[in-house]
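As structure tokens, then:
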């Protein structure tokens with residue numbers, strides 16, 4: 002089940018204007034070039050921002066996401082016909098032989114259930130060609146990022162064309178071991194509707210992620226720092242032998 006911030010049609014429609022700075026994707030574009038990827042699988046593609054950036058570069062892209070509302074937003078964008086969109090998860094993939102699979106932003110951490118995480122790693126492994134790479138990021142638990150998820154640090158009002166002003170903020174709900182649950186609140190000025198979206202992220206230790214990758218047949222080639230959050234995240238580069 003996708004979180005409401007991706008699955009609710011009204012929230013999916015404002016996802017991009019609420020978070021217009023996607024410079025975090027620059028590192029993934031550079032890695033796609035580094036690996037000379039011609040076919041890419043974008044797992045958790047959301048509203049299609051990264052998939053379309055890849056397609057702009059002449060790359061063949063498959064974007065998959067469990068949230069139909071987000072896929073609908075992606076399909077409505079210019080150039081979307083160049084991407085193969087699939088509503089589902091990595092266990093639902095058709096036979097593929099991609100050079101590169103990606104899970105950008107929070108995608109890997111949003112797969113909080115251990116069984117679903119194992120299925121995701123297996124599904125991606127099957128989708129990669131021999132020698133293909135999986136790259137994704139996850140926050141370093143030691144940095145305790147959730148301590149900054151407060152109304153005071155997140156509150157903003159965004160004026161969205163055709164929609165009006167939208168108030169937005171984040172509230173931390175619970176920290177239980179590696180699981181962190183938070184709530185996003187949206188207030189639409191046009192009709193005063195208040196919508197919320199609860200999300201749970203799993204904060205995995207670096208060693209845990211490496212063990213999971215090896216157990217599912219990957220070779221961990223490198224763990225890099227995230228350029229946009231230096232010292233705060235791990236970026237895993239794994240290869241299917």
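Numbering (the working numbering), first residue to last: 2 to 242.
Positions of the beta carbon are idealized from the N, C-alpha and C atoms, including for glycine.
The structure presented is a predicted model; accordingly, all values stated were derived computationally and were not measured.
- Looking from the CA of residue 192, the closest CA among 178, 181 and 166 belongs to 166.
- Under the three-state reduction of DSSP output, residue 118 falls in the helix class.
- Around residue 220, the same chain offers 239, 240 and 242 as residues with beta carbons nearer than 7 Å, after the five sequence neighbours per side are excluded.
- At the C-beta level, residue 7 and residue 138 stay beyond 8 Å of one another.
- By the 16-neighbour rule on beta-carbons within 10 angstroms, residue 2 is exposed.
- Judged by their CB atoms, residue 24 and residue 229 are nearer to each other than the 8 Å cut-off.
- Looking at the backbone, the Cα of residue 35 and that of residue 55 are separated by about 13 Å.
- Among the bridge pairs identified by DSSP, residue 137 is matched with 104 and 237.
- For the 8 Å CB-CB criterion, residue 110 and residue 189 do not form a contact.
- Taking each of 84, 201 and 47 in turn and checking the Cα distance to residue 173, the smallest one comes out for 201.
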